Each structure stands twice: as structure tokens, then as C-alpha cells.
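K.L.:
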Ligand SMILES: Cc1ncc(COP(=O)(O)O)c(C=O)c1O
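In the UniProt record's numbering, the protein residues as written are 1 to 455.
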């Protein structure tokens with residue numbers, strides 16, 4: 001599909017890589033050797049069907065067209081000073097630049113154990129019940145591949161963070177999907193709380209082959225924060241069918257009043273069957289640090305440790321030390337107004353309000369999130385003003401977001417990327433924008449949309 005010597009390729013349409021035109025002649029000249037090579041070195045069977053993700057494609061789109069990018073999930077402003085200062089302090093310490101303990105840097109696992117023992121209401125063993133990883137991504141990978149076996153069924157709630165599906169498939173698992181659906185659609189602004197699971201549909205997915213359910217609360221991209229009642233329903237089914245819950249809680253500190261983040265591991269009988277995942281990138285607004293963790297009972301964590309030991313072995317020492325210092329600072333002021341875990345939501349709330357307002361003024365129907373820093377919006381009322389035929393993608397949200405990027409200069413993410421193939425139509429009328437951005441950039445987005453509407 002591309003020249004392996006030069007690694008040059010471009011996107012001809014969604015998820016398809018094609019050689020750049022000037023390479024096509026060169027490739028046909030060596031066609032027989034290329035096809036021999038392609039034949040032998042195609043993706044191994046267990047990875048077949050893998051395609052470049054929406055992130056790979058949309059980062060390139062942003063580089064090519066330089067829009068105002070509200071697609072990417074990270075702040076466009078610096079993290080708090082005490083966090084970067086911790087890294088400066090660590091970097092100047094000569095003894096913190098070598099390998100550290102494989103399953104987690106000692107100071108960091110101690111800090112994580114202290115924090116989550118308080119939050120979960122039980123003593124967490126820092127050495128056997130916590131694993132630190134390269135981002136929450138690796139924690140997800142170790143949890144899924146460490147527990148899912150050939151033929152195991154895994155329940156995935158849609159819309160979902162897109163890597164869950166390929167990770168389950170790599171492990172030989174069979175994903176079974178259930179979509180959050182809106183209770184109502186007729187008001188000009190919706191809330192992520194309007195999106196719910198159908199109880200009977202959920203019950204119908206559980207059977208003796210079900211091994212894992214993957215939960216994400218607060219959810220990306222919808223921003224839904226599962227209520228205690230919803231979590232109790234999920235927990236009861238997990239207990240009834242002896243199922244492991246992998247709970248991705250990377251946005252645990254971004255929850256807007258009056259909503260509350262409930263950790264499913266705290267529900268009766270759930271600690272024994274839950275692995276909870278977190279991310280320093282999300283917690284401290286340092287996504288480039290790529291540090292994550294998983295915690296749960298030692299017998300379940302052992303499987304993750306084995307995957308981690310034989311793929312990554314150990315994480316970055318200075319990043320883990322700096323994160324430990326940041327956690328120690330937070331532990332000393334937990335629950336108070338000075339805590340970043342409290343102030344981050346307060347900082348984000350007006351941005352959320354502003355985005356909902358300007359999307360609505362532009363003619364879209366926003367879904368106001370209860371948590372996280374993304375907002376989905378129904379753009380279909382604007383369909384007549386967009387030349388969807390100018391793009392070739394199968395799904396309308398891809399065509400809408402590409403057209404907007406190229407013609408209006410504002411980039412969002414197409415949510416069909418967060419649904420399995422048969423449910424993709426559920427995401428087609430939506431776009432996902434990120435609001436952890438400087439006020440001036442959110443204002444610029446509002447101006448772009450206003451100008452487009454009036455022009
Ligand atoms: C729901 C969810 N889980 C996991 C991750 C990965 O986090 P990390 O950057 O720590 O690997 C993300 C990142 O966007 C996410 O949104």
C-alpha cells in the first residue's frame with residue numbers, strides 16, 4: 001500500500017492509504033518483488049482488518065489544512081505550574097534517569113495507593129494492586145489482552161473510545177455492542193444524561209461466554225456520567241454472569257455539578273471483579289507525559305503485569321517521579337478549593353457553557369456533557385449549507401468534518417469512529433468538539449461559525 005523505503009503515503013479516502021502518484025511508476029517496476037514482500041509481510045492474521053485510526057487521519061488533515069483544531073483531546077494552554085515545576089525538579093536530580101521498578105515507580109504507586117484507598121474505601125496494596133503504564137492506552141491493552149481469550153465475548157458500550165474494539169479483536173475476543181440512545185430528541189439542546197442503555201437489550205447481551213464489560217465513565221465522546229442506578233444495573237449483571245468490568249475512568253476529575261463520579265469498584269461485590277484505569281495525561285492536563293495506571297485486586301492485576309512485563313517492562317522514571325510529587329501535593333489538599341481535582345471542572349464549566357451556546361447559535365444541536373471535555377453536536381440542521389458531495393467518505397460525519405476543515409477552517413472529530421460498523425448510522429449526524437481550549441480560541445471558533453452563517 002505504500003513505499004516501505006520512503007514511507008511516503010497519502011489518504012485517498014477514509015482509512016485507505018494509497019501511494020503518492022510519483023511513486024506509482026516506481027512501484028510497478030518492482031511489482032513482482034513488491035508483491036512477494038507484500039504477500040509475506042502483510043499484517044499477521046490476528047491484526048487483519050486494522051486500519052489507521054481516526055486520530056492518524058485527522059492529525060494529517062489538520063497538518064495539511066491548518067484549521068482551528070477543536071478535534072484533538074488536549075489543552076492548548078500550559079498545565080499548572082506546580083506540575084511542570086515537579087518535572088523540572090526531577091530532571092535536575094541526577095539519580096532519577098535510570099530504569100525504575102517495572103510494575104510502577106515506588107513513589108508513584110505509594111501515592112496512587114494512598115489516593116485510591118481513600119476514594120475506594122479500602123486499603124490498596126501499592127505493590128500488588130496497582131500497575132503503572134504508558135498512558136491509559138497501555139493499561140487498556142494490558143487489561144484487555146491480559147484477560148480476553150479466544151472466543152470470549154466482550155460487551156462494549158457505544159459510543160466508545162475507538163481502541164477498545166481492535167484490542168478485543170487482537171485478543172481473539174468477540175465484541176458485543178450496545179449503544180447509548182437518547183430518551184428524547186426534540187429539544188434544541190440535549191444533555192448527555194438523556195442518553196441511556198436499554199435494560200432488556202443489555203441483559204440480552206450477557207451469557208455464559210461473556211468475559212468482560214468495558215465501561216467508560218465519564219464517557220468519551222458523549223460526556224455521559226453513569227449514575228449509581230445505571231452502574232448498579234451493570235454491576236448486578238457482571239456479578240450474575242461472573243464478568244470482569246474494565247472501567248476506563250480517565251476523566252474522573254472532570255464532572256460538572258450536580259453530577260457525581262461513582263467508581264463502579266466501590267459498589268458491593270465489585271472490587272473483586274473490576275480493573276479501574278486512570279491517566280496522568282487527563283488528570284494533570286499533560287497528555288504528552290503518556291502515563292497511566294490500572295488498579296484492582298492482585299489476582300486480576302497479575303494478568304496485566306505479565307502483558308506489561310513482556311512488552312513494555314518499565315515506564316519512564318522522571319515522569320513517574322514528577323507525577324508522584326503532583327499527587328502528593330493533591331493528597332494534602334484533597335477536596336479543598338485549591339485542589340486541581342476540584343478547580344479543573346470549575347475552569348472547564350464556563351468553556352462548556354460557551355461552546356454549547358455558540359454551537360446552538362450556529363444552528364447545531366449540542367449535547368451538553370455531564371463530564372469530560374468533549375461535546376457532541378447534531379450538525380444535520382446545517383446539511384443544506386454544506387457540500388457533502390465534495391468528499392468521498394462513506395459516512396456523512398466524515399464528509400461534514402472534512403468539508404468544515406477545508407472550507408470553513410474549523411476541525412472536529414467524526415463520531416462514527418466510536419461506533420461499530422452496524423451502528424455507525426447512529427453517529428452520522430454528529431460532530432465531536434473539544435473545549436479544553438483557550439477562551440480566545442473558543443471565541444475564534446464562535447467567530448468562524450458566525451461568519452460562515454452570515455456569509
Ligand atoms: C476514554 C479514554 N481512555 C483512554 C485514553 C488514553 O489515555 P492516555 O493518553 O493516558 O493513553 C483516552 C485519551 O483520549 C480516552 O479518551
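No residue lacks a Cβ here, since even glycine has one placed at the ideal position from N, Cα and C.
This one's a predicted model, so the numbers in the text were calculated from it and none came from an experiment.
In terms of residues, what are the limits of the alpha helix (DSSP H) holding residue 422?
P.N.:
Here residue 422 corresponds to residue number 422 of the chain shown, with the count starting at 1. Looking at the DSSP string, residue 422 is not in any alpha helix (DSSP H), and its letter there is neither H nor E.
K.L.:
Sorry if obvious, but does the Cβ on residue 212 come closer than 7 Å to a heavy atom of ligand 1?
P.N.:
For the purposes of this step, residue 212 is taken as the residue at position 212 of the chain shown. No, the Cβ of residue 212 stays beyond 7 Å of every heavy atom of ligand 1.
K.L.:
Buried or exposed for residue 141, going by 16 or more other Cβ atoms inside 10 Å?
P.N.:
Stepping through the chain shown from its first residue, residue 141 is reached at position 141. With 16 or more Cβ atoms within 10 Å of its Cβ, residue 141 is classed as buried.
K.L.:
Say whether the segment 123 to 135 touches the segment 101 to 112, bearing in mind that this needs 3 or more beta-carbon pairs closer than 8 Å, one atom from each stretch.
P.N.:
They touch, by the three-pair rule.
K.L.:
So which of 416, 313, 198, 435 has the shortest CA-CA distance to residue 426?
P.N.:
Start at 1 with the first residue of the chain shown, and residue 426 comes out as number 426. The option with the nearest alpha carbon to residue 426 is 416.
K.L.:
By how many angstroms is the C-alpha of residue 206 removed from the C-alpha of residue 213?
P.N.:
Here residue 213 refers to the residue found at position 213 of the chain shown. Here residue 206 refers to the residue found at position 206 of the chain shown. Straight-line Cα distance between these residues: approximately 9 Å.
K.L.:
Beta-carbon within less than 8 Å of residue 263's beta-carbon, same chain only, minus the 5 sequence neighbours each way: which residues are those?
P.N.:
Looking up residue 263 in the chain shown gives position 263. These residues qualify, in order along the chain: 119, 120, 247, 249, 252, 276.
K.L.:
Please determine whether the Cβ atom of residue 433 lies at a distance below 7 Å from any heavy atom of ligand 1.
P.N.:
Within the chain shown, numbered from 1, the residue matching residue 433 stands at position 433. Checking every heavy atom of ligand 1 against the Cβ of residue 433, none is found closer than 7 Å.
K.L.:
So what does DSSP say about residue 407, is it helix, strand or coil?
P.N.:
Working through the chain shown from its first residue, we reach residue 407 at position 407. In this structure, residue 407 counts as helix in the three-state DSSP scheme.
K.L.:
If the criterion is Cβ atoms closer than 8 Å, does the pair residue 180 and residue 295 meet it?
P.N.:
Locating residue 180 in the chain shown gives position 180, counting from the first residue. Locating residue 295 in the chain shown gives position 295, counting from the first residue. Contact: no.
K.L.:
In terms of residues, what are the limits of the alpha helix (DSSP H) holding residue 166?
P.N.:
Along the chain shown, read from residue 1 onward, the residue named residue 166 stands at position 166. 164 to 170 is the extent of the alpha helix (DSSP H) around residue 166.
K.L.:
Suppose the cutoff is 6 Å on Cβ atoms and the five residues either side in sequence are ignored; what does the same chain contact list for residue 414 look like?
P.N.:
One-based indexing of the chain shown puts residue 414 at position 414. So the qualifying residues of the chain are 397, 398, 401.
K.L.:
In whole angstroms, give me the CA-to-CA distance for residue 215 and residue 393.
P.N.:
Here residue 215 is taken as the residue at index 215 of the chain shown, counted from 1. Here residue 393 is taken as the residue at index 393 of the chain shown, counted from 1. Going from the Cα of residue 215 to the Cα of residue 393 covers about 29 Å.
K.L.:
Can you find a heavy atom of ligand 1 that lies under 7 Å from the Cβ of residue 311?
P.N.:
Walking along the chain shown from the start, residue 311 turns up at place 311. Checking the Cβ of residue 311 against ligand 1 gives no.
K.L.:
For the segment 181 to 190 against the segment 230 to 240, do three or more pairs of beta-carbon atoms, one drawn from each stretch, fall closer than 8 Å, so that the two count as touching?
P.N.:
These segments do not touch.
K.L.:
Do residue 191 and residue 431 have their CB atoms nearer than 8 Å?
P.N.:
In the chain shown, the residue the question calls residue 191 occupies position 191. In the chain shown, the residue the question calls residue 431 occupies position 431. No, these two residues do not count as a Cβ contact at 8 Å.
K.L.:
Does DSSP put residue 457 in a helix, a strand or coil?
P.N.:
Not covered by the structure: residue 457. The range shown for the chain is 1 to 455.
K.L.:
Would you say residue 286 touches ligand 1, meaning its beta carbon is less than 7 Å from a heavy atom?
P.N.:
Locating residue 286 in the chain shown gives position 286, counting from the first residue. Every heavy atom of ligand 1 is 7 Å or more from the Cβ of residue 286, so no.
K.L.:
Identify which residue in 450, 157, 420 has its Cα closest to the Cα of residue 410.
P.N.:
In the chain shown, residue 410 corresponds to position 410, counting from 1. Answer by Cα proximity: 450.
K.L.:
Can you give the Cα-Cα distance for residue 201 and residue 177, rounded to whole angstroms?
P.N.:
Here residue 201 refers to the residue found at position 201 of the chain shown. Here residue 177 refers to the residue found at position 177 of the chain shown. Each residue's Cα considered, the two are about 10 Å apart.
K.L.:
Mind checking residue 93: buried by the 16 CB within 10 Å criterion, or exposed?
P.N.:
As a position in the chain shown, residue 93 is number 93, starting the count at 1. Classification for residue 93: exposed.
K.L.:
Would you say residue 192 touches ligand 1, meaning its beta carbon is less than 7 Å from a heavy atom?
P.N.:
Translated into the one-based positions of the chain shown, residue 192 becomes position 192. Not so, every heavy atom of ligand 1 lies at least 7 Å from the Cβ.
K.L.:
Starting from residue 379 and walking both ways along the alpha helix (DSSP H), at which residues does that stretch end?
P.N.:
Taking the first residue of the chain shown as position 1, residue 379 is located at position 379. It is not in any alpha helix (DSSP H) - residue 379 carries neither H nor E in the DSSP assignment.
K.L.:
Using 8 Å as the Cβ pair cut-off and three pairs as the minimum, do the segment 301 to 308 and the segment 142 to 156 touch?
P.N.:
Cβ pair count under 8 Å is three or more, so yes.
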